[in-house]
Amino acid sequence: MFFSCKYAALALPIRAFTSASDPPCSSMMLPKYVKHIQLAHYFEKLIQADDRFEIVADVLMGLVCFRIKDNNELTKQLYHNIESDGRIHLVSSELHSPAPLYFIRFAICYHSPNKQHIEYAYQVIHELCNQLLDQQSNPIPNQQINHENINLLLLDHENHN
Numbered sequence: 001m002f003f004s005c006k007y008a009a010l011a012l013p014i015r016a017f018t019s020a021s022d023p024p025c026s027s028m029m030l031p032k033y034v035k036h037i038q039l040a041h042y043f044e045k046l047i048q049a050d051d052r053f054e055i056v057a058d059v060l061m062g063l064v065c066f067r068i069k070d071n072n073e074l075t076k077q078l079y080h081n082i083e084s085d086g087r088i089h090l091v092s093s094e095l096h097s098p099a100p101l102y103f104i105r106f107a108i109c110y111h112s113p114n115k116q117h118i119e120y121a122y123q124v125i126h127e128l129c130n131q132l133l134d135q136q137s138n139p140i141p142n143q144q145i146n147h148e149n150i151n152l153l154l155l156d157h158e159n160h161n
């Protein structure tokens, strides 16, 4: 298939995400990613239900950026513990202006993700955060897990699916 020079730059990135037989059309790509976006918002709600965490940016497509509230060092340690554990893979990032901000990036990019994948990842993060905070001599004050909110959220999603 040939493209004029005018449209070649637009068509090449689109073709990278579609099969060879699909015409390069961005509207064909969107339905494939709706589930990723929905699951990202589901993960965001799980993180928000846990008072120890905060979301640091709006959810963008399948990307959720979060951290342990107001604590770069604990967030950095949590990230390293997650990577050392090896059950899930996440990416960290850091902003330096106006003040240093270290956070973890949860990207839903698996070709066929489902709610169980998201819940599993959250459970791993939850478990490793518990271990990390238990090891600290001065745990974060007033950062109790709201288990009731998390359980209600999980039950609500089970009833809707």
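In terms of this note's numbering, the sequence shown opens at residue 1 and continues consecutively. Glycine included, C-beta positions come from ideal geometry on N, C-alpha and C.
- prompt: Does the beta-carbon of LEU74 have 16 or more other beta-carbons within 10 angstroms, so that it is buried, or is it exposed?
  reply: For the purposes of this step, residue 74 is taken as residue 74 along the sequence shown, with counting starting at 1. By the neighbour-count definition (other C-beta atoms within 10 Å, threshold 16), LEU74 is a buried residue.
task: Using three-state DSSP, classify ALA107 as helix, strand or coil.
output: Within the sequence shown, residue 107 is the residue found at index 107, counting from 1. Taken through DSSP and simplified to helix, strand or coil, ALA107 comes out as strand.
message: Since ALA49 and LEU63 should fall inside the 8 Å C-beta cutoff, what is the C-beta to C-beta distance between them, to a whole number of angstroms?
response: The residue labelled residue 49 in the question sits at position 49 within the sequence shown. The residue labelled residue 63 in the question sits at position 63 within the sequence shown. Incorrect: roughly 19 Å between the Cβ atoms, too far for contact.
query: Across which residues does DSSP place TYR102 in a beta bridge pair?
result: On the sequence shown, position 102 is the one that residue 102 refers to. GLU94.
query: Do you know whose CA, among ILE108, ALA121 and VAL124, lies nearest VAL34's CA?
result: Looking up residue 34 in the sequence shown gives position 34. Considering only alpha carbons, the answer is ILE108.
- prompt: Just checking my contact of PHE66 with ILE104 at CB under 8 Å: how many whole Å lie between their CB atoms?
  reply: As a working mapping, residue 66 is identified with position 66 in the sequence shown. As a working mapping, residue 104 is identified with position 104 in the sequence shown. Their Cβ separation, rounded to whole angstroms, is 6 Å, which keeps PHE66 and ILE104 in contact under 8 Å.
- prompt: When you compare each of LYS32, ARG87 and LEU60 to HIS126 by their alpha carbons, which one comes out closest?
  reply: For the purposes of this step, residue 126 is taken as the residue at position 126 of the sequence shown. Measuring from the Cα of HIS126, the nearest candidate turns out to be ARG87.
message: Are there any heavy atoms of the ligand SAM lying less than 7 Å away from the beta-carbon of ILE68, as far as the coordinates show?
response: Of the ligands one can find in the structure shown there are none, so the ligand SAM has no counterpart to examine.
- request: Give the DSSP bridge partners of ILE55, in chain order.
  value: As a first step, residue 55 must be located in the sequence shown, where it is residue number 55. Listed as beta-bridge partners of ILE55 by DSSP are PHE66.
task: State buried or exposed for TYR122, treating a residue as buried only when at least 16 other CB atoms are found within 10 Å of its CB.
output: Counting from one through the sequence shown, the residue named residue 122 turns up at place 122. TYR122 should be labelled buried.
message: For LYS32 and ASP134, what's the separation of their Cα atoms in angstroms?
response: What you label residue 32 is simply residue 32 of the sequence shown in a count that begins at 1. What you label residue 134 is simply residue 134 of the sequence shown in a count that begins at 1. Looking at the two C-alpha atoms, the distance is approximately 40 Å.
- request: Please work out which residues of its chain come closer than 8 Å, Cβ to Cβ, to PRO100, disregarding the five sequence neighbours upstream and downstream, and give them in chain order.
  value: Residue mapping note: residue 100 aligns to position 100 of the sequence shown, counting from 1. Counting only Cβ-Cβ distances below 8 Å, and skipping sequence neighbours, we find ASN72 and GLU94.
query: Taking the DSSP output, what are the residues bridged to LEU133?
result: On the sequence shown, residue 133 is found 133 positions in, with the first residue counted as 1. BP columns for LEU133 are empty, so no partner.
task: Could you tell me how far apart the beta carbons of SER92 and TYR79 are, in whole angstroms, since I believe they sit closer than 8 Å?
output: The residue you call residue 92 lines up with position 92 of the sequence shown. The residue you call residue 79 lines up with position 79 of the sequence shown. Confirmed, about 4 Å.
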